[in-house]
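Trainee: Numbering (the working numbering), first residue to last: 637 to 910. One structure coming up, written as structure tokens, with questions to follow.
Given below as structure tokens:
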């Protein structure tokens, strides 16, 4: 499933360039600050997006540059980047120019420059921060329990910009959402923002790695050790090698690219002052 949520930044540029600040009601969360002395403007915005992301500037002609490597991305409607995720669009009979970044990735974070076709040229700088949505399991990453005790794990999805489509629990490499016959009960909220796994009477076979996997997020894991005796830490050290390998193998399996083109789970994007 490709979560599509766009970000758009629009600004009407006048020839005078004498206004110092103008509020723009774009989804109710955007404003623009003008610097008339340097003719460089800073656009500040807080918003979120998943693939694709779009940034729009209203003017007759623009060029987009990625500042960290001074890479020219687009001039008008022509794309100069070898990265096919970048493209420019223009609405006919309008002054709206859009830079679109498909399948946003962490490496896309940084400063972007929009060079406006005024005379002399004017630039608008934007800082793009990319944050990945992730699952979180409440509590410590390692749990020690005695046989017969209750294991309760709570997982929630954070920094996501849209509701997840599912939350699955894994015990090592096995999906256990419906393993009622093994004493496992999973309760998930209808909006898939949180889920709770409960095992009322744990057994030695319940030891291992438990992972919470929500759609379009980074997974979260905890290691559970069911022991008999008075020295669980010593028993754990003898067991950790195999469990750690299992956990790493499982995380590697989960993080396999799941869509055509490059995609790393769901990302959020917001603007801040450079």
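We put the CB at the ideal spot given by N, CA and C, even for glycine.
Grouping DSSP H, G and I as helix and E and B as strand, with all else coil, what is residue 732?
Mentor: Three-state DSSP puts residue 732 in a strand.
Trainee: Residue 810 to residue 706, Cα distance in whole Å?
Mentor: Cα to Cα, residue 810 sits roughly 47 angstroms from residue 706.
Trainee: Candidates 843, 828 and 829: which alpha carbon is nearest residue 605's?
Mentor: Absent from the structure is residue 605, since the part of the chain shown begins at 637 and ends at 910.
Trainee: Could you have a look at residue 859 and say whether DSSP puts it in helix, strand or coil?
Mentor: Strand.
Trainee: Per the contact definition of three or more C-beta pairs closer than 8 angstroms, is the stretch 748-758 in contact with the stretch 812-826?
Mentor: As far as the Cβ criterion goes, the stretch 812-826 does not touch the stretch 748-758, which means the pair count is below three.
Trainee: Return the CA-CA distance between residue 644 and residue 719, expressed in angstroms with no decimal places.
Mentor: Confidence in residue 644 is poor, its pLDDT being 38 and thus under 50, which makes the residue's placement unreliable; the coordinate value appears in the next sentence. Going by the C-alpha atoms only, they are around 21 angstroms apart.
Trainee: Taking 8 angstroms as the limit between beta carbons, can you name the residues of its chain near residue 828, skipping five residues before and five after?
Mentor: Closer than 8 angstroms at Cβ, skipping near neighbours: 793, 799, 800, 801, 802, 803, 850 and 851.
Trainee: Please state if the CB of residue 783 and the CB of residue 838 are separated by a distance shorter than 8 angstroms.
Mentor: Yes. Within cutoff.
Trainee: For the putative contact between residue 711 and residue 699, defined by C-beta atoms under 8 angstroms, what is the C-beta separation to the nearest angstrom?
Mentor: Contact flag correct, Cβ pair sits at about 5 angstroms.
Trainee: If you count every other CB in all the chains shown that lies within 10 Å of the CB of residue 747, and 16 or more means buried, which is it?
Mentor: That one is exposed.
Trainee: Check residue 837 in the structure and name its three-state DSSP category.
Mentor: Note: residue 837 maps to coil in three-state DSSP.
Trainee: What did DSSP end up calling residue 755 once you bin it into helix, strand or coil?
Mentor: If DSSP states are grouped into helix, strand and coil, residue 755 belongs with coil.
Trainee: Which residue from 763, 790 and 825 puts its Cα closest to that of residue 750?
Mentor: Per the Cα distances, 763.
Trainee: State yes or no: is the C-beta of residue 738 within less than 8 angstroms of the C-beta of residue 721?
Mentor: In contact: residue 738 and residue 721 (Cβ atoms closer than 8 angstroms).
Trainee: Which value, in whole angstroms, describes the spacing of the CA atoms of residue 673 and residue 728?
Mentor: Reliability of the predicted coordinates at residue 673 is poor, the pLDDT of 35 falling under 50, and no value is obtained from them.
Trainee: Find the nearest neighbour of residue 797 within the set 770, 807 and 806, judged by alpha-carbon distance.
Mentor: Of the listed residues, the one whose Cα sits closest to residue 797 is 770.
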